[in-house]
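Sequence lines, in order, name chains A and B. Here my numbering is used: the first residue of the first sequence is 1, the next is one more, and so on. Here my numbering is used: the first residue of the second sequence is 1, the next is one more, and so on.
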Amino acid sequence: MVRAALKLGLVAALVLFPFVVTSPYYLHLLVVVAIFSIVALGLDIVFGYTGEVSLGHAALFGVGAYTAGVLEFQFGIGFWVALPLGVVVAAGFGALLALPALQVTGPYLAMVTLAFGTIIAILINEMTFLTNGPLGISLTKPFFADLREALPWLGMSKPRMRDVEYYYVVVACLLATLVVINRLLASRFGRAFEALRDSPVASDCMGVSVYSHKVLAFVLSAGFAGLAGVLFTYSEQYIAPNNFSFDLSIGFLLAVTMGGRKSRIGPILGTMVVVFLPNLLADIELFRIVAGMIAAVAVVVGGIIAVRAPERRVYVAIPVVLCIGFLIFALWLPKITDYKLTVYGLMILFVVYYLPDGIYGLIRQALLRWKRAGAAQIVGSGAWSAISPDTVSGPLLELRGVVMQFGGLRALNAVDMTVMPGTIHGLIGPNGSGKSTMMNVLTGIYIPTAGEIRFEGHSIAGWKSPAIAAAGIARTFQNVQLFGELSLLENILVGLNHTYRGGVADIVLGLPRAAREEAAARARAISLLEFVGLAELADEEARNLPYGKQRLLEIARALALDPKLLLLDEPAAGLTAPDIVELLDIIRKIRDHGITQVLIEHHMDVVMALSDIVTVLDFGQKIAEGKPADMQADPAVIAAYLGTSHIEAA
Amino acid sequence: MQILAQLIASGIAVGMIYGVIAFGYQLTFATSKTLNFGQGEALMLGSLVGWTVVAVTGYLIMLPIVLAFGLLQGAVVERLGVRQAIKTKSEAGWIMATIALGIIFKNLAENIWGRDALKFPSPLPEAPLSFMGVNVLPMEVAIVVGALAMMLAVEVFNRRSIYGKAVVATAVDRDAAGLMGINTSLVITFSYALSSMTAAFAGVLVAPVTLTGASMGGVLGLKAFSVAIIGGLSSGMGVVVGGLILGITETLTGYYISTGYKDVPGLVLLLLVLTLKPAGLFGRATIKKV
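Right, here's the structure in full:
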């Protein structure tokens with residue numbers, strides 16, 4: 001209710017703005033804020049959600065701008081064609097930029113985007129025949145519909161009419177951007193972006209391909225940068241290569257970080273600060289006053305903390321000293337405009353250290369605390385029921401002579417194993433015997449050096465993780481791999497990604513199918529949470545769960561894949577005794593649903609109680625296989641675990 | 001043929017500079033898995049400080065002063081930009097913070113030394129030497145010798161001295177080194193200091209041949225990163241070879257295509273290597289553990 005009113009208020013304010021503020025200067029400033037906001041909102045998809053630092057967004061923005069510029073300058077093609085083309089061309093460059101993302105992340109990808117940006121800047125500068133080089137391109141703002149005669153009471157001159165019209169076009173684009181991004185990020189795609197940031201391995205094993213989703217994130221993000229670029233070209237009516245420098249990329253990043261990642265309001269707030277900042281910096285007096293206020297606040301806050309918590313004195317002293325230093329710097333400066341970039345840099349440092357969640361992050365925290373009091377109760381939607389797998393005759397999984405070689409180390413040496421449908425198959429062995437390697441080979445994280453793996457009769461050796469997940473093999477991880485910043489419910493929904501048929505278009509257009517699928521998936525997710533007894537915590541972030549519950553959540557997430565085969569990698573590790581009892585119960589229930597399980601475990605009582613058959617590995621080789629009780633008595637197994645005595649060996 | 005030999009000769013000099021800066025990336029990456037995105041600015045500052053000092057003291061006394069300045073500058077970058085981010089394991093944190101520091105350094109340099117390129121006096125004669133028709137500046141020879149000497153010195157220090165062993169131990173396993181009583185955060189600070197020192201040294205080496213100025217750092221830093229990637233972030237030999245490959249490719253591009261495109265091959269090479277063989281041409285792929 002409040003939200004709807006706020007949104008309506010925002011739209012009304014944007015519509016009325018040109019009539020309230022008649023200064024062309026401020027109208028133009030608002031247009032610039034809106035255009036840069038579109039870039040920042042797009043950047044947030046890559047930076048906030050997939051967690052990659054892009055230093056190439058100024059270049060993507062430039063690609064859009066130059067698409068419009070070149071179309072007009074070389075071919076005389078105008079605004080309405082340039083608008084979609086700018087989006088498409090920039091999105092294409094975004095896909096190109098994402099190619100290296102298959103292999104690299106983090107600092108590498110940041111450098112890749114920087115290199116990409118530099119190349120684009122060079123190309124724009126050098127390809128004079130197309131871009132007119134350093135001279136830049138001039139063009140005029142489009143004039144759409146002359147309403148001066150129809151609405152004489154507006155009393156507008158022709159140039160002002162032109163500006164106001166263009167303002168509305170830009171505002172419409174901004175609102176459309178907001179709607180599209182809101183819908184996409186609330187959908188399975190937004191969850192997938194966050195999932196691949198928190199745990200790429202787990203995403204792949206949940207059938208959510210890291211690569212294709214990363215490419216999608218870059219393409220979407222670049223598309224918005226391209227849209228903004230086209231708008232920028234016609235708004236400024238002149239573009240030159242140095243409009244799209246590295247500093248602008250930094251400005252976009254600063255806007256997103258300072259405003260607050262993973263929100264719609266944040267990037268817009270941040271963009272406002274970044275755009276208005278030069279105006280603030282143009283006035284040295286105002287700048288000194290602001291610096292003085294900052295220093296005063298820092299001294300007061302620092303003083304309070306120093307008195308209350310003396311042990312944090314040193315930690316607090318640094319920013320206080322910096323703020324005082326900043327004031328001295330401000331008083332000493334004769335002219336501020338030369339130091340604009342220094343102020344930028346200081347702001348980035350400040351935001352990175354003291355405001356990592358941005359301005360909106362602070363507000364959101366305060367809001368959440370207030371909201372917590374009346375958290376809604378989640379209603380269950382019936383018990384979870386597995387889509388029971390077809391009963392196949394013969395083995396479900398067959399390994400023949402599987403070898404996994406790492407350099408000189410043979411982690412798996414010609415292992416044969418057969419898993420029959422409907423059973424719980426224990427896999428044990430001392431540390432380093434190759435159990436987890438086996439799991440990784442079975443789920444496509446490692447490609448086996450040699451040997452054959454057949455699942456339901458098809459060879460799956462060499463398949464990638466998402467394909468194996470889609471075929472019906474789900475897993476949990478020895479070191480829990482949850483999507484930490486997603487809620488429990490969303491973690492399960494990532495596992496349910498395979499239940500969706502609708503694509504990006506369904507979600508952007510808000511087609512009923514998208515809503516239907518989402519509702520069905522949510523109902524299933526809640527019933528899965530109920531199955532493992534975590535339904536009350538559905539909205540909690542996964543990283544806040546205690547360890548034992550995290551393991552249960554992983555099992556529920558794996559079940560969301562509707563697997564035929566579930567691989568459990570040490571599910572009882574680190575669990576307390578009551579938790580283990582609960583776990584035993586859950587594993588049995590899963591079996592009763594007809595799902596075959598492979599169980600790696602060090603708790604012998606768990607393995608013995610559950611397994612129908614046990615395979616024992618040692619140094620990468622299968623040393624025994626059979627009924628649990630027989631294995632306990634097998635001399636080779638005992639030797640592997642306890643070692644042989646010299647007397648016996650002799 | 002003679003032109004080609006000439007181009008390769010100048011390419012080698014440029015390439016060695018890239019190699020030294022890339023070597024600096026390796027130093028910090030080894031100990032902390034972080035990089036200074038403002039590495040180019042460290043070079044630029046070293047070069048400009050050298051420019052100011054050399055007018056007073058002459059080239060030989062200027063060198064230790066610049067090296068000391070580089071050490072200090074690197075330590076400042078680590079303390080302000082990296083330390084906190086390592087603690088909170090925030091990758092975006094140190095990337096943004098080192099970028100921010102780079103921007104600040106560049107902006108301050110613009111205000112102190114101006115925006116124009118400055119001529120750095122050459123300590124060696126500026127008349128080219130001629131080897132079989134190929135002209136080589138004495139300073140270019142000095143670059144190759146100096147760059148190799150600097151890398152060798154740091155390597156010897158790391159392998160022979162007890163302090164260097166602490167660096168190597170931290171590089172191999174930071175947690176284990178910490179448990180053995182090594183102050184690993186000090187080692188990381190030190191590796192940043194060393195890294196900036198090599199960059200500052202590269203700055204005063206290259207300045208007499210090119211020019212110096214506040215904007216010299218950015219592209220050099222980025223191309224040196226290409227070299228570090230091409231050579232592999234863990235391979236000492238790789239940066240020399242990678243530097244030479246890039247240096248020679250560039251001078252060839254500059255001559256045969258256009259000087260405007262001279263920066264492109266290095267960046268394209270970076271993109272290609274990262275797409276096809278991210279561990280670098282000389283690095284070994286790591287096995288991901290789950």
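Idealized CB from N, CA, C, for every residue including glycine.
With 8 Å as the threshold, decide whether the Cβ of residue i is near any Cβ in chain B.
| i | result |
| --- | --- |
| Asp338(A) | yes |
| Leu349(A) | yes |
| Leu114(A) | yes |
| Glu126(A) | yes |
| Ala450(A) | no |
| Gln632(A) | no |
| Val63(A) | no |
| Asn111(A) | Per the sequence shown, the amino acid found at residue 111(A) is Met instead of Asn. Met111(A) counts as touching chain B. |
| Gly325(A) | no |
| Tyr547(A) | no |
| Ala649(A) | Residue placement at Ala649(A) is poorly supported in this model, since its pLDDT is 45, which falls under 50; the coordinates still yield a value, given next. No, Ala649(A) lies away from the interface with chain B (no Cβ there is under 8 Å from its Cβ). |
| Gln405(A) | no |
| Gln621(A) | no |
| Tyr360(A) | no |
| Val441(A) | no |
| Tyr344(A) | yes |
| Ile120(A) | no |
| Leu253(A) | yes |
| Gly42(A) | no |
| Leu60(A) | no |
Please check the pair residue i and residue j, which I expect to be a contact at CB under 8 Å, by giving their CB distance rounded to whole angstroms.
| i | j | result |
| --- | --- | --- |
| Gly229(A) | Ala65(A) | 4 Å |
| Val415(A) | Thr449(A) | That pair is no contact at about 12 Å. |
| Leu211(B) | Leu118(B) | 6 Å |
| His57(A) | Phe189(A) | About 20 Å; that fails the 8 Å criterion. |
| Ser10(B) | Glu140(B) | 7 Å |
| Lys141(A) | Tyr234(A) | 5 Å |
| Gln73(B) | Ala228(B) | The Cβ separation is near 19 Å, so there is no contact. |
Does the beta carbon of residue i sit closer than 8 Å to a beta carbon anywhere in chain A?
| i | result |
| --- | --- |
| Ile245(B) | no |
| Glu91(B) | yes |
| Ile17(B) | no |
| Leu274(B) | yes |
| Ile99(B) | yes |
| Phe120(B) | no |
| Asp173(B) | no |
| Ile112(B) | no |
| Tyr261(B) | yes |
What are the partner residues of residue i, as DSSP defines its beta bridges?
| i | result |
| --- | --- |
| Thr189(B) | Paired residue(s): none; Thr189(B) is not in a bridge. |
| Met417(A) | Leu399(A) |
| Arg475(A) | Leu567(A) |
| Val134(B) | Phe131(B) |
| His425(A) | Val598(A), Ile613(A) |
| His458(A) | Phe455(A) |
| Ile239(A) | Ile137(A) |
| Thr212(B) | Leu118(B) |
Spatial neighbours of residue i within its chain, please: C-beta separation below 8 Å, excluding the five flanking residues on both sides.
| i | result |
| --- | --- |
| Leu269(B) | Ser226, Ile230, Ile245, Leu246, Thr249 |
| Arg264(A) | Leu41, Leu178, Ile181, Asn182 |
| Thr576(A) | Gly548 |
Output needed for residue i: all residues of its chain with C-beta closer than 7 Å, excluding positions within five of it in sequence on either side, in chain order.
| i | result |
| --- | --- |
| Leu277(A) | none |
| Leu14(A) | Val171 |
| Phe23(B) | Met151, Thr198, Val239 |
By Cβ distance below 6 Å, which residues in the same chain neighbour residue i in space, the five residues on each side in sequence not counted?
| i | result |
| --- | --- |
| Ala295(A) | Cys323, Ile324, Leu327 |
| Gly654(A) | Outside the displayed range of chain A (1 to 650) lies residue 654(A), so it cannot be described from this structure. |
| Gly495(A) | Met206, Arg557, Ala560, Leu561 |
| Gln621(A) | Asn413 |
> Fully enclosed by the stretch 607-636 of chain A, which alpha helix (DSSP H) runs are 4 residues long or longer?
Replying inline: 628-633
>> Give the list of continuous alpha helix (DSSP H) stretches no shorter than 4 residues that lie fully inside the stretch 469-546 of chain A.
In response: 488-495, 504-509, 512-531
> Can you give, in chain order, each stretch of the beta strand (DSSP E) that sits fully within the stretch 228-252 of chain B and has at least 3 residues?
Replying inline: none
> Of all the alpha helix (DSSP H) runs that stay within the bounds of the stretch 302-332 of chain A, which reach a length of 4 or more residues?
Replying inline: 313-332
>> What ranges does the beta strand (DSSP E) occupy inside the stretch 70-153 of chain A, keeping only unbroken runs of at least 3 residues that lie completely in it?
In response: none
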